[in-house]
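Colleague:
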Amino acid sequence: MFALEAGAVQEILPATPPTRIPGAPEAVRGLVNVRGTLVTVIDAAEAIGLPSGLATGSGTVILVERRSRPVGLAVDEVLDLVSVASASLDDRASLPGVRPDLVRAVGSAAGQTFVQLETDVLLEPLLP
Amino acid sequence: MDVRQYADLFLTESRDHLTAFNHLLLEWERDPAAPEPVGGIFRAVHTIKGMAATMGYGAVADLSHRIENLLDVLRRGEKPATPATLELLFKSADALDRAIADAVAGKDAAAPLQALIAQLDREAGTGAAPATPGRQRPSAPVMMPEAGPGRGRTVRVALRPQAALKGARAILAIRKAEALGAVSAVAPAPAAMETEGFDGTFSFRLDSEADAVVVEEALRAAGDVDTVEVAEELHEVVAEGVRARHIRVDLRRLDELMNQIGELVIARGRLASLTSRLAEPDLDEVALQIGRLAGRLQSEIIQARMTPVWQVFDRFPRMVRDLAKQMGKQVAFRVEGKEIELDRTILDELADPLVHLLRNAVDHGIEPSEDRVARGKPAVGQLVVAAVRERSSVAIRVSDDGRGVNRAAVLARAREMGLVAADQQELGEQELFRVLTRSGFSTARAVTDVSGRGVGIDVVSTAARALGGSLEIRTEEGKGTTFTLRLPVTLAIVRALLARVGSELYALPLTHVAETVDPKPEEIHRVQGRETVLLRGRLLPLVRLHEVLGGSAAAPAAQRLPVIVLEMGERRTGVVVDALVGQQEIVVKNFEAPRGMLPLFSGATILGDGVPALILDAGGLM
C-alpha cells in the first residue's frame, strides 16, 4: 500500500488504453488524452519494482503535477483519502522490499502500514 | 495621455521606419548620386521625430532632429554624400535604434548621444545651440513633395447622372488627363467602366506639374463632367481603397486563438467519427456544417498568422554589410522571395539560425578579394538568401560562391574525433552532412584555418528539426556552399498521412512526403545489405517501420507493400508501413517524452476517436 501527498494529486481518472511510446522503458505505459492534453502514464508498480499484475488500460490513473506538467501514475486502485498527523509519519523508515530512496515516510492508517512515495525519485529514471 | 499604452506601438512603428532608414542607406551607398534615398530617409527620420516628441522622448526627438539637419544639407546638394558621411549616418541609425529602445524602457537620456550629435552638427555645418529636450523644433518641413518629376495628386471625377455612355466618357476624360502627365491607379478599372453598373464616378492618380485649374479644364473638355476634385497628394496618402487596412494584434492573442482552433479541429474529428457511427441524417448535416465552419475558421486564423519573410530578412542587408566591412571582404548580398509567407512562430525561430549561416558565409565562406581574383573568380563575393515555396513546405537557401567546405580538413578532424574510421580516405555526401551537423563538431578551424570559433551547424540543424523541418548542405570546394532549410508553412496544424503499423497508428507530416508507392514483395532487393526497390530507374533504400518501432506482431505478408517515399533534397528513403489509412489535418501537441524514446518523433496528436498518435519525424527516419 502506497500513499501520495494529496496536494500533489490533480485528478483521479479511470485508466484508458494508452498509446505505446516506442523505445521508452517498460514502466512507461504510454500516452493518454486527458481532455485535449497529452499525458504520459507510468505504471507505478513497475516503476517501484513490484510485479505489475495490471493489464494496460485497466485500473486507475492518478494525475500528479511534475515541473508544472501533469504525469499519470497508473495504480491498481485508489483506496482512501486519509489525514495523517505529520508527527505520526516516520521519516524515511525503510521497509523490506521497497527501495529506500523511494520512501519519503512510513505511516499507518486503519491498521495498515503504508509508504509515502518520493515521486521525484520514482519518476527521475523515466522522464527527463 | 497614458504613455505606456502607446510605448509598444511607438517601438514597433519606429522600428519599421528605422528598417526603411537602413535600407535606403544601403541603396544610397551603392549609388551615392541617386536622389531618392535621401528623401526617403528624411521622411523616416522626420516621422520618428514627430512621434518621439509626442511621446515626450526628448533625446530621441533631438537626435532625429540633428540627423534631419544633416540630411537636409545633403538633400539640397550643399554637400556631397561622402563615404564618411554615409558611415556617420549608419552610426546614427544604430544610435537612434538604441535611443528608442532606451526611451521606451524609461531611460530617455541625452548624455550618451552628445558625441554623435556634435559630429552630426559639424558635418551639417550647423553649430546649433544645444537642444532643449522634449520640445519639437518647427524648423523642418512637415511633408516633402513627392520626389521625381511632377507632383502626385488624386483626381476624383463625377460625370453628370444623365450622361449617356458613361464608360466612354470616363475613358475619354482619362485620355485628356494623360496629355498632362502620367496616370495611374485608375479606380474602378477601365474594364469595369464599360459595364452597366458604372455610376460615372472614378478616380486616378496624376503625376503632373499642371495647376489644378488646368487639370479641371482639361477634364471638363471630355464633356458631361459634373464635378472634378484635385486633391494634393502627400507621400503617405494612397488612393482610398487601394491600401489594405491593418491593425496590430498581440501575438499571444493569435497563439491562444490558434490553440483554441486546434481543440476545435480535434473536436470536429471526434464529432465526425461519432456521426458516421450513428448514421443519423439530421445529425450528419449539422456535423458537416460545423466541420465546414471549423475548416474555414482554421484557414482564416492560419492566414492571419502568416508573415512574409521580409519581416525577418529585412535586417540582413545591413548586417551583412557591417560584417563584410568588419572582415575586410567584398560581398554583394541579395534577398529573393521576400514575399513568401511562413507562420509567425516559425519565422521568429528561424532568425537566429539564418544569422548564423550568414555570418558563416561572410566569415568562412567568401574569400578576401585578392584570393578570389587569384583563383580567377570575380573580386566581389555573392551571397544570396532565397525563400522558395515548395509543395507543402518553404525552402530557404543561403548560398555563397566562396571557398566551399574543405573535405580533407573535415575528414582529418572527423578522424581525430573518432567520428569516422581512422583509415577512412574519403567523405561521402551523407557522411559529410552527418559530421558537420554533429553536435560540438567545431569545423571552423578545420574548414578555414582562420578562426577557432565553432561553426555550430548542428545548432541550425537542431533548430530546423525542432520546427519539423530539415537542413541540407551542398558544397563544392572552391565554388561555394548552399544551405537549404526546408520548413513546414505552419506549425500547429499540419496535413499528415496516417499509417498503420501493426495495431498502431502513426502520423507522418506531408512536408517531406514525395509520393506513396506499393511495390510487390518480389521487387525488393538487397543492395549492400539494405533493402531497396527500383523506382523510376533509381534505387530507393527502404526502412521497415515495423522493425524500427517494434511493438505488436507484424501484419501477415501482403500482396503489395505500402511505401511512403520521403524526400529531403537529394536524399530519398522509402518507409514501409502495414497500411495507409488516409490523409488528414493533425494538431501538433507536445508531451512529456520519456527517457529512451526513439528519436523518431516530433510530437503527438489526437485522432478523431480521441486516441493519441505519435508524429513521425522524417529527418529521423532518413
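Chains as they are written, first to last, in this note's numbering: chain A, 259 to 386; chain B, 3 to 624.
Don't be surprised by glycine CBs; every beta carbon is placed ideally from N, CA and C.
In the region 275–288 of chain A, which residues sit with their C-beta less than 7 angstroms from some C-beta in chain B, listed in chain order?
Modeller: THR277, ARG278, ILE279, PRO280, GLY281, ALA282, PRO283 and VAL286
Colleague: Buried or exposed: where does B/PRO140 fall if 16 or more other Cβ atoms within 10 Å of its Cβ makes it buried?
Modeller: With a pLDDT of 40 at B/PRO140, under the threshold of 50, the predicted position of this residue should be treated as unreliable, and no value is reported.
Colleague: Taking only beta carbons into account, state which residues of the region 592–609 of chain B come closer than 7 angstroms to chain A, listed in chain order.
Modeller: PHE593, GLU594, PRO596, ARG597, GLY598, MET599, LEU600, ALA606 and ILE608
Colleague: Please identify, using Cβ separations under 8 angstroms, the residues of the region 366–386 of chain A that lie next to chain B, in order along the chain.
Modeller: PRO383, LEU384, LEU385 and PRO386
Colleague: Does DSSP put B/GLY454 in a helix, in a strand, or in coil?
Modeller: With a pLDDT of 35 at B/GLY454, under the threshold of 50, the predicted position of this residue should be treated as unreliable, though the coordinate-derived value follows. Coil at B/GLY454, not helix or strand.
Colleague: Can at least three beta-carbon pairs, one atom from the region 267–276 of chain A and one from the region 318–333 of chain A, be found at a separation below 8 angstroms?
Modeller: yes
Colleague: Which one of B/GLU517, B/PRO37, B/THR607 and B/ALA334 has the shortest CA to CA distance from B/TYR508?
Modeller: B/THR607
Colleague: Determine the DSSP secondary structure at B/THR14, reduced to helix, strand or coil.
Modeller: helix
Colleague: In three-state terms, what does DSSP make of B/GLY621?
Modeller: Note: B/GLY621 maps to helix in three-state DSSP.
Colleague: Cα-Cα, which of B/LEU623, B/ALA595, B/GLU70 and B/GLY584 is closest to B/VAL545?
Modeller: B/LEU623
Colleague: Hey, out of A/GLN374, A/GLY369, A/ARG357 and A/VAL379, whose CA is closest to A/ALA363's CA?
Modeller: A/GLN374
Colleague: Could you name the residues of chain B that A/LEU321 contacts, counting a contact when the two beta carbons are closer than 9 angstroms?
Modeller: Those do not exist, as A/LEU321 stays about 12 angstroms from chain B at its closest Cβ, beyond 9 angstroms.
Colleague: Which chain B residues are close to A/THR318, counting only those with a beta carbon under 8 angstroms from its beta carbon?
Modeller: Under the 8 angstroms cutoff, chain B gives no residues; its nearest Cβ is about 19 angstroms from A/THR318.
Colleague: If you draw a straight line from the C-alpha of B/ARG538 to the C-alpha of B/GLN561, how long is it?
Modeller: 21 angstroms
Colleague: Quick one, which of B/THR483, B/THR513, B/LYS522 and B/ALA101 has its alpha-carbon nearest B/ASP110's?
Modeller: Ranking B/THR483, B/THR513, B/LYS522 and B/ALA101 by Cα distance to B/ASP110 puts B/ALA101 first.
Colleague: If I follow the unbroken beta strand (DSSP E) through B/ILE398, where does it start and stop?
Modeller: 395–402
Colleague: Mind checking the region 610–621 of chain B against chain A and listing, in chain order, the residues whose C-beta falls within less than 9 angstroms of any C-beta there?
Modeller: GLY612, VAL613, PRO614, ALA615 and LEU616
Colleague: What are the residues in the region 541–556 of chain B lying within 7 angstroms of chain A by C-beta distance?
Modeller: LEU551, GLY552 and GLY553
Colleague: Quick check on DSSP: helix, strand or coil for B/HIS527?
Modeller: strand
Colleague: Report back the beta-carbon spacing between B/ARG323 and B/LEU28 to the nearest angstrom; my notes put them in contact at under 8 angstroms.
Modeller: 6 angstroms
Colleague: Just the chain B side, please: which residues come within less than 8 angstroms of A/VAL290 by C-beta, in chain order?
Modeller: Close to A/VAL290, with beta-carbon spacing below 8 angstroms, are these residues of chain B in chain order: PRO614.
Colleague: Within the chosen definition, does the region 60–74 of chain B reach the region 39–52 of chain B through at least 3 CB pairs nearer than 8 angstroms?
Modeller: yes
Colleague: Taking 8 angstroms as the limit between beta carbons, can you name the residues of its chain near B/VAL503, skipping five residues before and five after?
Modeller: LEU547, HIS548, LEU551, GLY553, VAL579 and ASP580
Colleague: Would you give the residue range spanned by the beta strand (DSSP E) that B/ALA498 belongs to?
Modeller: 495–503
Colleague: Does DSSP classify A/GLN370 as helix, strand or coil?
Modeller: strand
Colleague: Under 7 angstroms between beta-carbons, which chain A residues line up against B/ILE268? List them in chain order, please.
Modeller: GLY294
Colleague: For A/VAL329, which of A/VAL299, A/LEU337, A/VAL336 and A/ALA305 has the nearest alpha-carbon?
Modeller: A/VAL299
Colleague: Output yes if chain A places a C-beta closer than 8 angstroms to the C-beta of B/VAL457; else output no.
Modeller: With a pLDDT of only 49 at B/VAL457, under 50, the local geometry of the prediction cannot be trusted, and no value is derived from it.
Colleague: Considering B/GLN384, what are the terminal residues of the beta strand (DSSP E) in which it resides?
Modeller: 383–392
Colleague: Okay, do the region 333–340 of chain B and the region 523–538 of chain B touch, 3+ Cβ pairs below 8 angstroms being the bar?
Modeller: no
Colleague: Tell me, to the nearest whole angstrom, how far the beta carbon of B/ALA95 is from that of B/PRO34; I am working on the premise that it is less than 8 angstroms.
Modeller: Their Cβ separation, rounded to whole angstroms, is 17 angstroms, which puts B/ALA95 and B/PRO34 out of contact at 8 angstroms.
Colleague: With a CB to CB cut of under 7 angstroms and the five nearest residues on each side skipped, what residues in its chain are close to A/VAL379?
Modeller: ASP359 and LEU360
Colleague: Verify whether the separation of the beta carbon atoms of B/LEU122 and B/ILE69 is less than 8 angstroms.
Modeller: yes
Colleague: Using a Cβ-Cβ cut-off of less than 7 angstroms, give me the residues of the region 246–266 of chain B that come near chain A, in sequence order.
Modeller: GLU265
Colleague: DSSP three-state label for B/LEU344, please.
Modeller: Per DSSP, reduced to three states, the secondary structure at B/LEU344 is strand.
Colleague: Hey, does B/GLU587 have any beta-carbon neighbour from chain A nearer than 8 angstroms?
Modeller: no
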